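Residue numbers (numbering that gives the first Met the number 0): 0 to 374. As structure tokens, the structure follows; a few thoughts come after it.
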Amino acid sequence: MGYYFKRKVWPEAELANLLNPISQQIAQDSALLEENFGQYAPSLDALSVTQYLDKHRGKISHPVVQNLLENSIRTEYGVEPQNSSALQLINNLPKVENKEVNVLGNSDEIYCISGGTGALINELVKSLNSEQIKTYKQLIKIQSEANQFKLTFQDNSHVLADYVILAIPLTTLRKVNIQVSLPDSLKRFIQTVDLGNNEKVFAKFTHAVWQQETGFIKEAWTDLGTSEIWESTTSLTPPSEPLLTFFLGGNEATSTIKMTGRVLGNTLIKQLDSVISGVKEAATGDFWRTAWQNERLIQGAYTNFKPGQYTEFQEWMYIDSENPVETQKVRVENLIFAGEQFSANYYGYMNGAAETGRLAAQTIIETLFKNVSTQ
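Laid out in structure tokens, this is it:
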């Protein structure tokens, strides 16, 4: 793990000592939320990350600690710290254990999908009849019609349905003309909760030049125009083609969206070369970049809750529990919602998309069985 702030290489043990006091405070607040979320969440949610860190200024003895924690908000939620609920910093749960720093202590991303995440969708498609999937059918309107829903698509085609699952990003969902009676709080959720902005830049090298004394293994956190960098060279890539992923978030992403992959890549390489010698020389000049903000049907990265929003809209999040009393589903009669943004525990992750999709389908199945049993 590498840490590069203010043109300095920070030894992990030194950073661990500096981070420990505020990480203990975050752990205490996390424990309170576990004990009684309803009691403690509203006051913490009302604070931005900036305000939370200001409140505990006495436990931050060096600016590098704040830099690091703010970076974790940029990477995980795609916003600047003033635009993030403090709950999200607590959810990141930065930890210090045995002089080692774990910036994202709550994350356990231990799996990747062979062939890329798109392979998951491809396999699902294979299990379905091709007639069950219609592509290029952008929804533009949904309206109640008797006891059904009428769906209107961009090609002016229509479908009548007894049940509908809307699994659409909020940025796109709020452009759909929804002529169905929805609770005001759900309408505010759809209209006001946003996706953060993140982008990735992939850079190819002749050799893993970052694996040196002042370099890093696996990943690094920086203020070099990118919040996080990680080594993408795995068993999925030829060993002769080392790759780095530069992960930008918040202003880093929005300010560079118009830059080409080559221009942005060279800029990031130059910055990294200032702290790890030989990076510029080892770069091949091959770069690839994402442009999620420009994707018409997404326009962003991962769901972000601004201060106060999580507790305001928590009634519209799925909670999966073995205890039926604790279970929560997101539906308005036979109109059901799904997507990572509706997951209480896994918003922003593929887990949230999978969880809410499963629970949405389960909701319809349970309703159908209930209707059959009462006939």
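Note that CB positions come from ideal geometry on N, CA and C, so glycine has one too. Since the structure is predicted, the reported quantities are computational estimates derived from the model, not experimental observations.
**Request:** Could you please give the first and the last residue of the uninterrupted beta strand (DSSP E) stretch that includes residue 285?
**Result:** 282–288
**Prompt:** When you compare only the Cα positions, how much space is there between residue 89 and residue 26?
**Reply:** Here the C-alpha atom of residue 89 lies approximately 7 Å from the C-alpha atom of residue 26.
**Request:** Taking residue 166 as the reference, give the member of 349, 368, 365 with the closest Cα.
**Result:** 349
**Of the residues 87, 187, 333, the one placed nearest residue 47, counting alpha carbons only** = Answer by Cα proximity: 87.
**Request:** Check whether the Cβ atoms of residue 381 and residue 303 lie closer than 8 Å to each other.
**Result:** Residue 381 falls outside the range modelled here, since the chain spans only 0 to 374, and no answer is possible.
**Request:** May I ask which residues mark the beginning and end of the beta strand (DSSP E) holding residue 203?
**Result:** 197–204
**Request:** Compare the C-alpha of residue 295 against each of 111, 170, 102 and name the closest.
**Result:** 170
**Item:** For residue 330, the three-state DSSP class (helix, strand or coil)
**Value:** strand
**Asked** Nearest CA to the CA of residue 189: which residue from 11, 341, 358, 14?
**Response** 341
**Item:** residue 36 - containing alpha helix (DSSP H), residue span
**Value:** 36–44
**Prompt:** Would DSSP call residue 352 helix, strand or coil?
**Reply:** Note: residue 352 maps to helix in three-state DSSP.
**Message:** If you follow the beta strand (DSSP E) that residue 247 is in, where does it begin and where does it stop?
**Reply:** 242–248
**Item:** Neighbourhood of residue 253 by C-beta, 6 Å cutoff - its chain only, sequence neighbours within 5 removed
**Value:** 196
**Request:** If I'm right that residue 283 touches residue 204 with Cβ under 8 Å, what's the distance once you round it to whole angstroms?
**Result:** 6 Å
**Request:** For residue 212, count neighbouring C-beta atoms within 10 Å of its own C-beta (all shown protein chains included) and say buried if the count is 16 or more, exposed if not.
**Result:** Residue 212 is exposed by the Cβ-count criterion.
**Prompt:** What is the rounded straight-line gap between the Cα of residue 217 and the Cα of residue 241?
**Reply:** 12 Å
**Prompt:** Are there 16 or more other CB atoms within 10 angstroms of the CB of residue 248, so buried, or fewer, so exposed?
**Reply:** buried
**Asked** Going by DSSP, what residues sit across from residue 447 in a beta bridge?
**Response** No answer is possible for residue 447: the residues shown for the chain start at 0 and end at 374.
**Item:** Identity of the residues DSSP links to residue 69 by a beta bridge
**Value:** The partner list for residue 69 (beta bridge, DSSP) is empty, contrary to what the question assumes.
**Asked** What does a CB cutoff of less than 8 Å around residue 9 pick up in its chain, not counting 5 residues either side in sequence?
**Response** 2, 3, 63
**Asked** What is the rounded straight-line gap between the Cα of residue 343 and the Cα of residue 352?
**Response** 11 Å
**Message:** So for residue 257, helix, strand or coil by DSSP?
**Reply:** coil
**Prompt:** Around the Cβ of residue 116, are there at least 16 other Cβ atoms within 10 angstroms (buried) or fewer (exposed)?
**Reply:** exposed
**Rounded C-alpha distance that separates residue 261 from residue 245** = 13 Å
**Item:** First and last residue of the uninterrupted beta strand (DSSP E) at residue 2
**Value:** 1–4
**At least three beta-carbon pairs within less than 8 Å, the region 43–57 to the region 69–85** = yes
**Prompt:** Using the beta-carbon count (16 or more within 10 Å), is residue 324 buried or exposed?
**Reply:** exposed
**Prompt:** Touching or not, the region 317–331 and the region 96–116, by the rule of three or more beta carbon pairs under 8 Å?
**Reply:** No, the region 317–331 is not in contact with the region 96–116.
**Message:** Assuming the contact rule is C-beta atoms closer than 8 Å, residue 31 and residue 95 should be a hit. Round their C-beta distance to whole Å, please.
**Reply:** Not quite, the Cβ-Cβ distance comes to about 19 Å (not below 8 Å), so this is no contact.
**Asked** Does the region 299–318 touch the region 113–131, meaning 3 or more C-beta pairs lie closer than 8 Å?
**Response** no
**Distance cut-off 7 Å: residue 91 Cβ against heavy atoms of the ligand SAH** = Here there are no bound small molecules, and the ligand SAH is not part of this structure.
**Asked** What did DSSP end up calling residue 118 once you bin it into helix, strand or coil?
**Response** helix
**Item:** Whole-number beta carbon distance between residue 312 and residue 0, since they are thought to touch under 8 Å
**Value:** Contact between residue 0 and residue 312 fails: their C-beta atoms lie close to 35 Å from each other, not under 8 Å.
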